[in-house]
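Each residue of the sequence shown is one higher than the last, beginning at 19 in our numbering.
Structure record follows, encoded as structure tokens.
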Amino acid sequence: MKPTIVLVPGMWHGGWAWDRVAALLEADGHPCVPVTFPGRGRAPGDETFAGHCAHLTRVLADVPGDVVLVGHSYGGAVLTEAGDAPGVRAMVFVSAFCLEPGESVASVNDAQAGSEAGVDDIREVGDHLVIDPDTARAAFYHDCDPADAARAAERLTPEHVSTRTTVVSRAAWRAVPSHFVVCTADRACTPDVQRKLASRTGSWSELAASHSPMLSMPAALAGAITGFAKEATA
Numbered sequence: 019m020k021p022t023i024v025l026v027p028g029m030w031h032g033g034w035a036w037d038r039v040a041a042l043l044e045a046d047g048h049p050c051v052p053v054t055f056p057g058r059g060r061a062p063g064d065e066t067f068a069g070h071c072a073h074l075t076r077v078l079a080d081v082p083g084d085v086v087l088v089g090h091s092y093g094g095a096v097l098t099e100a101g102d103a104p105g106v107r108a109m110v111f112v113s114a115f116c117l118e119p120g121e122s123v124a125s126v127n128d129a130q131a132g133s134e135a136g137v138d139d140i141r142e143v144g145d146h147l148v149i150d151p152d153t154a155r156a157a158f159y160h161d162c163d164p165a166d167a168a169r170a171a172e173r174l175t176p177e178h179v180s181t182r183t184t185v186v187s188r189a190a191w192r193a194v195p196s197h198f199v200v201c202t203a204d205r206a207c208t209p210d211v212q213r214k215l216a217s218r219t220g221s222w223s224e225l226a227a228s229h230s231p232m233l234s235m236p237a238a239l240a241g242a243i244t245g246f247a248k249e250a251t252a
């Protein structure tokens, strides 16, 4: 039986972001579990970074057999903290924050100029971070079909401030075989930043995609995931 693929979204997104990739993976025989983290307008529960890590731990505990864990963008920080759960055989970081202990999404993404979804592009509203639809379309979806980009931007929900600023205490990718998918046309997490993060995993590939290859290049991304899943679980 092929491993189950657990799909973790980026900031402001839900499991819906993975719909196209999940359909392709399931057609290839991989059961899929798209994750939606607690958050305003998404799901009840603890919406902080710690709450998201605890949520992922609970999800993984309910998945039988081998798991390949895939994280997009912010989801990589959650994988870094909580990804080495029992049963996880491999992890794939998709333009994701593969962090060292003491780093956060903010500390890495804001350390180098060029991001169009950095600290100056996000609004802080109380305890939440909001990204405006026009900013999201330009930063996340510029190579997507315009209708897809508009629909995705409309579905984004506020994220708790801690998701961006909490530093990780562990590096689960050191204990689990991991692969990094660099998106070379990314405007949210620059390719230079991604390549530095990718060098930590020792295994990486590149897609000529924006920050959202799950929408713009789902078949290519699914192929990258299944290719590494086969290699890591052989």
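Idealized CB from N, CA, C, for every residue including glycine.
Quick caveat, the model's predicted, so the values are computed rather than measured.
Query, Result
"Grab the span of the alpha helix (DSSP H) containing THR251 for me, first residue to last.", "236 to 251"
"Provide the residue(s) that pair with ARG141 in DSSP beta bridges, ordered along the chain.", "VAL148"
"To the nearest angstrom, report how far apart PRO104 and ASP80 are at their CA atoms.", "11 angstroms"
"Over the uninterrupted alpha helix (DSSP H) stretch that includes PRO209, give me the two end residues.", "209 to 219"
"What does the Cβ neighbour count give for VAL19, buried or exposed, with the cut at 16 atoms within 10 Å?", "Looking at the sequence provided, one finds Met at residue 19 rather than Val. Under this definition MET19 is an exposed residue."
"How many angstroms separate the CA atom of LEU78 from the CA atom of LEU97?", "11 angstroms"
"Taking Cβ to Cβ, would you say GLU121 is nearer than 8 angstroms to VAL185?", "yes"
"Please report how far the alpha carbon of LEU87 lies from the alpha carbon of HIS229, in whole angstroms.", "18 angstroms"
"Taking 8 angstroms as the limit between beta carbons, can you name the residues of its chain near LEU225, skipping five residues before and five after?", "VAL199, VAL200, CYS201, THR202, PRO231, MET235, ALA238, LEU239 and ALA242"
"According to DSSP, which residues form a beta bridge with GLU177?", "LEU147"
"Please state whether DSSP places GLU44 in a helix, a strand or coil.", "helix"
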